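Student: Supplied in structure tokens, the structure appears directly below.
Below, the structure written as structure tokens:
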């Protein structure tokens with residue numbers, strides 16, 4: 038850790054502890070403040086313990102700060118937020134006139150000052166964010182007031198926190214205790230905010246209000262999406278009528294199915310799931326027959342069980358549980374079968390090295406890196422019997438602090454120590470598709486190590502980054518293809534040709550960002566179907582207090598021996614000469630096992646054909662098994678006969694190890710896609726809106742438009758309609774023809 042940042046964290050911890058001991062509630066901020074790093078509502082009612090405060094700053098994340106919770110939990114504190122010199126002049130004038138009492142608690146902010154007060158006992162607080170002044174000088178960008186409040190339920194950044202630009206908050210004074218005072222005592226006229234957002238003008242009044250049909254949601258009482266529960270004898274007809282309205286308004290199959298389940302959950306006597314399914318299918322058939330167009334979205338096969346058919350030996354997930362969950366409950370950590378984490382041979386030696394050389398790491402992440410590394414070393418030196426190379430794509434997803442980056446740090450050191458880096462270490466950041474191909478021209482067999490792949494995919498999809506759009510296409514085409522890969526430009530000086538290539542990828546990312554940037558377009562026949570994606574729910578990994586990056590002599594020699602294997606016959610190993618690597622056969626038992634694997638995944642492929650993503654995943658499963666089997670064979674040979682290095686055959690144990698890993702990965706990947714991936718850009722927008730409402734608790738109409746800045750107004754309106762009709766969010770009438778959105782009770786249970 039940077040010494041300066043460590044010193045800053047120490048100051049934060051000391052201040053947070055002093056505030057807690059003084060009777061005030063504080064929580065940590067992360068990223069762009071003021072944003073809590075977790076669900077913090079419990080700290081509105083109780084103060085954190087000193088042990089909790091210590092734990093928050095023991096394993097820090099980037100850009101931390103301190104937030105103080107306003108209200109009774111912090112001795113009835115509230116804050117007057119003064120931004121700009123004019124607001125300060127106004128406040129000082131009011132103090133001189135006796136309208137505002139002087140306070141000994143003042144902090145300097147990047148834009149002005151925070152003045153701290155205590156609310157009088159029994160006095161009702163002004164709503165958090167209430168405008169205090171609406172004079173011409175008090176209007177900031179977008180019309181937001183420069184003088185407002187932070188009261189009960191609000192958060193205030195306190196010193197010595199810094200904002201993202203590095204500007205520090207500083208105590209001007211902190212004498213005694215803040216005075217008791219209410220705005221109501223001063224005669225100052227106060228104003229409610231009306232959905233304005235910093236840096237953006239309010240959306241056209243009433244525009245979003247007009248989107249919400251009265252028969253879908255009652256803006257005053259917000260009871261449900263359809264009025265009273267259906268009585269026995271009318272349930273089927275009521276459900277048919279309800280779904281008919283939704284599908285006529287553009288609901289896709291997935292939204293329609295969840296709307297049907299939500300409708301049924303409000304009935305006193307619930308329908309049988311199969312009966313709901315028949316009504317759902319009937320409405321879709323009737324709509325398609327009458328309008329001559331297919332209802333978009335996932336076919337019923339996927340919707341039926343939330344996910345489709347699973348690989349043999351894996352159970353289907355439990356039905357969605359609508360029971361309330363405690364927000365403090367932490368899901369159990371994912372457990373990986375021990376057999377997968379002990380591959381033996383060179384792979385296990387590499388995993389052991391990564392473990393001891395990393396501050397934090399997880400064995401499955403280390404295995405993914407080791408497979409990519411061995412596959413790169415043997416790239417274009419050996420082939421499977423069907424002509425496949427040993428290039429592998431691995432994507433590891435987990436929360437921050439769980440050890441995703443540890444394998445990359447350790448492997449980079451190993452590559453430089455063993456002399457393989459210059460030939461096999463690819464770029465860690467790619468500016469364009471052409472840049473990736475130019476890199477492959479220089480190093481046809483290389484390993485890319487990328488952090489935060491979700492951000493890369495998001496930037497690729499940004500229309501302003503057209504030069505990056507080819508990156509995923511190239512990764513897709515180089516995965517299986519051999520031979521020449523070239524591209525011609527109008528300016529022939531920019532042409533490139535790669536006569537052979539063996540490109541492997543090890544990428545990490547935060548799950549939320551990764552899935553947020555994906556739609557079915559990236560999966561159906563695209564890059565993601567070719568990757569082994571591991572999305573683990575992990576607790577924060579313990580630090581290795583003394584990581585040792587010394588490379589063991591035995592490991593060093595084995596890596597060098599693999600690196601020294603020639604690419605093809607003598608005289609054909611020059612950089613621009615196409616290698617002629619040998620094809621490694623399988624034993625009879627291994628071939629029969631591969632046939633069984635192929636047959637099993639072919640059956641799953643046939644059963645899922647037309648779903649848009651399952652067939653892409655299942656069609657690649659056998660290819661992954663064959664590639665991994667050869668990597669496991671090379672790992673075994675490098676340890677048993679290091680002088681030879683090249684395996685003579687792939688045996689049954691190699692195939693079984695590869696199959697176990699794929700049988701573990703595929704059904705989990707299918708579930709992750711079904712649960713997290715958007716089916717189309719509109720679905721992606723719906724997910725972003727839901728995620729933001731969950732984070733903030735309430736989302737104003739202006740904030741919705743700001744969130745969807747890359748979408749048209751019509752797309753935003755359509756997404757909101759579907760969320761409202763699907764009973765995922767609720768519209769709250771704020772008066773003055775404006776509304777805001779909150780989560781429905783069902784969505785809260787699901788997301789928590």
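Numbering (our numbering), first residue to last: 38 to 789.
Think of the CB as a built atom: it goes at the ideal place given N, C-alpha and C, for glycine as much as any other residue.
Model, not experiment: these values are computed from the prediction.
For residue 447, which residues of its own chain have a beta-carbon under 6 Å away from its beta-carbon, when the five flanking residues on both sides are left out?
Tutor: Within the chain shown, residue 447 is the residue found at index 410, counting from 1. Same-chain partners within the cutoff: 391, 394, 395.
Student: Report yes if the CB atom of residue 118 is closer than 8 Å to the CB atom of residue 168, and no otherwise.
Tutor: Mapped onto the chain shown, residue 118 falls at position 81. Mapped onto the chain shown, residue 168 falls at position 131. No, they are not a contact pair.
Student: Within the continuous alpha helix (DSSP H) that includes residue 399, where are the two ends?
Tutor: Taking the first residue of the chain shown as 1, we reach residue 399 at position 362. No alpha helix (DSSP H) holds residue 399; DSSP gives it neither H nor E.
Student: Please determine if the region 686-693 and the region 586-603 are in contact, where contact requires at least 3 C-beta pairs separated by less than 8 Å.
Tutor: The region 686-693 is not in contact with the region 586-603.
Student: Reducing DSSP to helix, strand and coil, say where residue 218 ends up.
Tutor: For the purposes of this step, residue 218 is taken as residue 181 along the chain shown, with counting starting at 1. Of the three classes helix, strand and coil, the one that applies to residue 218 here is coil, per DSSP.
Student: Consult DSSP for residue 565 and reduce its assignment to one of helix, strand or coil.
Tutor: As a working note, residue 565 is residue 528 in the chain shown. Reduced to three states, the DSSP call for residue 565 is helix.
Student: If you run the structure through DSSP and keep just helix, strand and coil, what is residue 521?
Tutor: As a first step, residue 521 must be located in the chain shown, where it is residue number 484. Coil at residue 521, not helix or strand.
Student: Tell me the rounded alpha-carbon separation between residue 373 and residue 401.
Tutor: Counting from 1 along the chain shown, the entry for residue 373 is found at position 336. Counting from 1 along the chain shown, the entry for residue 401 is found at position 364. Going by the C-alpha atoms only, they are around 8 Å apart.
Student: Mapping DSSP to helix, strand and coil, what is residue 777?
Tutor: Locating residue 777 in the chain shown gives position 740, counting from the first residue. Of the three classes helix, strand and coil, the one that applies to residue 777 here is strand, per DSSP.
Student: Alpha carbon to alpha carbon, what distance is there between residue 546 and residue 157?
Tutor: For the purposes of this step, residue 157 is taken as the residue at position 120 of the chain shown. For the purposes of this step, residue 546 is taken as the residue at position 509 of the chain shown. Distance between the alpha carbons of residue 157 and residue 546: 48 Å.
Student: Locate the beta strand (DSSP E) running through residue 594, then write down its first and last residues.
Tutor: Numbered from its first residue, the chain shown carries residue 594 at position 557. It is not in any beta strand (DSSP E) - residue 594 instead sits in the alpha helix (DSSP H) that spans 590-601.
Student: Taking residue 155 as part of the alpha helix (DSSP H), name the residues at either end of that continuous run.
Tutor: Here residue 155 refers to the residue found at position 118 of the chain shown. Element bounds for residue 155: not the alpha helix (DSSP H) but the beta strand (DSSP E), 149-155.
Student: Hey, quick one: how far does the alpha helix (DSSP H) through residue 314 stretch, first residue to last?
Tutor: Looking up residue 314 in the chain shown gives position 277. Residues 310-328.
Student: Spatial neighbours of residue 449 within its chain, please: CB distance less than 6 Å, with the 5 preceding and 5 following residues excluded, ordered by chain position.
Tutor: Residue numbering aside, residue 449 sits at position 412 when the chain shown is read from its first letter. Cβ neighbours of residue 449 beyond the five flanking positions: none.
Student: For residue 82, which residues of its own chain have a beta-carbon under 7 Å away from its beta-carbon, when the five flanking residues on both sides are left out?
Tutor: The sequence position of residue 82 within the chain shown is 45, counting from 1. These residues qualify, in order along the chain: 110.
Student: What whole-angstrom Cβ distance do residue 508 and residue 470 have, given they're in contact under 8 Å?
Tutor: For the purposes of this step, residue 508 is identified with residue 471 of the chain shown, where counting begins at 1. For the purposes of this step, residue 470 is identified with residue 433 of the chain shown, where counting begins at 1. The pair is a contact, with the Cβ atoms about 5 Å apart (cut-off 8 Å).
Student: Taking just the CA atoms, how far does residue 397 sit from residue 300?
Tutor: Numbered from its first residue, the chain shown carries residue 300 at position 263. Numbered from its first residue, the chain shown carries residue 397 at position 360. Whole-angstrom Cα-Cα distance: 46 Å.
Student: With burial defined as no fewer than 16 other Cβ atoms inside 10 Å of the residue's Cβ, what is the status of residue 144: buried or exposed?
Tutor: Here residue 144 corresponds to residue number 107 of the chain shown, with the count starting at 1. Buried, because 16 or more other Cβ atoms sit within 10 Å of the Cβ of residue 144.
Student: Consult DSSP for residue 67 and reduce its assignment to one of helix, strand or coil.
Tutor: The count along the chain shown starts at 1 and reaches residue 67 at position 30. In the structure shown, residue 67 sits in a strand (DSSP, three-state: E or B).
Student: Can you check which of these residues, 490, 416, 460, is closest to residue 467 by C-alpha distance?
Tutor: As a working note, residue 467 is residue 430 in the chain shown. When only C-alpha atoms are compared, the closest one is 490.
Student: Among the candidates 150, 189, 162, 161, whose CA atom is the shortest distance from the CA of residue 196?
Tutor: Indexing the chain shown from 1 puts residue 196 at position 159. That would be 150, whose Cα lies nearest to the Cα of residue 196.
Student: Once you ignore the five residues that flank residue 287 on each side, which residues in its own chain have a CB closer than 8 Å to its CB?
Tutor: Your numbering for residue 287 matches position 250 in the chain shown. Counting only Cβ-Cβ distances below 8 Å, and skipping sequence neighbours, we find 755, 758, 759.
Student: Since residue 446 is in the alpha helix (DSSP H), which residue starts that stretch and which ends it?
Tutor: Here residue 446 corresponds to residue number 409 of the chain shown, with the count starting at 1. Where residue 446 is concerned, the enclosing alpha helix (DSSP H) stretches over 443-455.
Student: Suppose the cutoff is 7 Å on Cβ atoms and the five residues either side in sequence are ignored; what does the same chain contact list for residue 39 look like?
Tutor: Here residue 39 refers to the residue found at position 2 of the chain shown. Nothing meets the Cβ criterion.
Student: Using only CA atoms, which one of 438, 743, 514 lies nearest to residue 548?
Tutor: Locating residue 548 in the chain shown gives position 511, counting from the first residue. It is 438.
Student: Does the region 536-545 touch the region 622-630, meaning 3 or more C-beta pairs lie closer than 8 Å?
Tutor: Verdict: no, contact absent.
Student: Per the DSSP calculation, residue 193 is bridged to which residue(s)?
Tutor: Reading the chain shown from its first residue, position 156 is the one you call residue 193. Per DSSP, 105.
Student: Can you list, in chain order, the residues of its chain whose CB lies under 6 Å from that of residue 215, leaving out five sequence neighbours each side?
Tutor: Position 178 of the chain shown holds residue 215. Same-chain partners within the cutoff: 140, 142, 153, 154, 155.
Student: To the nearest angstrom, how far is it from the Cα of residue 101 to the Cα of residue 435?
Tutor: Counting from one through the chain shown, the residue named residue 101 turns up at place 64. Counting from one through the chain shown, the residue named residue 435 turns up at place 398. In a straight line, the C-alpha of residue 101 is about 20 Å away from that of residue 435.
Student: My understanding is that residue 422 touches residue 664, with C-beta atoms under 8 Å, so please give their C-beta distance in whole angstroms.
Tutor: Counting from 1 along the chain shown, the entry for residue 422 is found at position 385. Counting from 1 along the chain shown, the entry for residue 664 is found at position 627. 12 Å between Cβ atoms; not a contact.
Student: If you drop the 5 nearest sequence neighbours on each side, which residues of the same chain put their C-beta closer than 7 Å to that of residue 473?
Tutor: Stepping through the chain shown from its first residue, residue 473 is reached at position 436. The residues are 467, 508, 511.
Student: For residue 147, collect the residues of the same chain with a Cβ closer than 6 Å to its Cβ; drop the 5 residues on either side in sequence, then sort them by chain order.
Tutor: Taking the chain shown and counting its residues from 1, the one referred to as residue 147 is at position 110. Within the same chain, residue 147 has close Cβ partners 200, 204.
Student: Secondary structure at residue 544, three-state DSSP: helix, strand or coil?
Tutor: As a first step, residue 544 must be located in the chain shown, where it is residue number 507. Reduced to three states, the DSSP call for residue 544 is strand.
Student: Rounded to whole angstroms, what's the CA-CA distance from residue 575 to residue 47? Just pull it up for me.
Tutor: By 1-based counting over the chain shown, the position of residue 575 is 538. By 1-based counting over the chain shown, the position of residue 47 is 10. Taking the straight line joining both Cα atoms gives about 27 Å.
Student: Measuring straight from C-alpha to C-alpha, what distance separates residue 523 and residue 591?
Tutor: In the chain shown, residue 523 corresponds to position 486, counting from 1. In the chain shown, residue 591 corresponds to position 554, counting from 1. So the two alpha carbons sit approximately 40 Å from each other.
Student: One question on the structure: do residue 638 and residue 670 come within less than 8 Å of each other, judged by their Cβ atoms?
Tutor: What you label residue 638 is simply residue 601 of the chain shown in a count that begins at 1. What you label residue 670 is simply residue 633 of the chain shown in a count that begins at 1. The answer is no: Cβ separation not under 8 Å.
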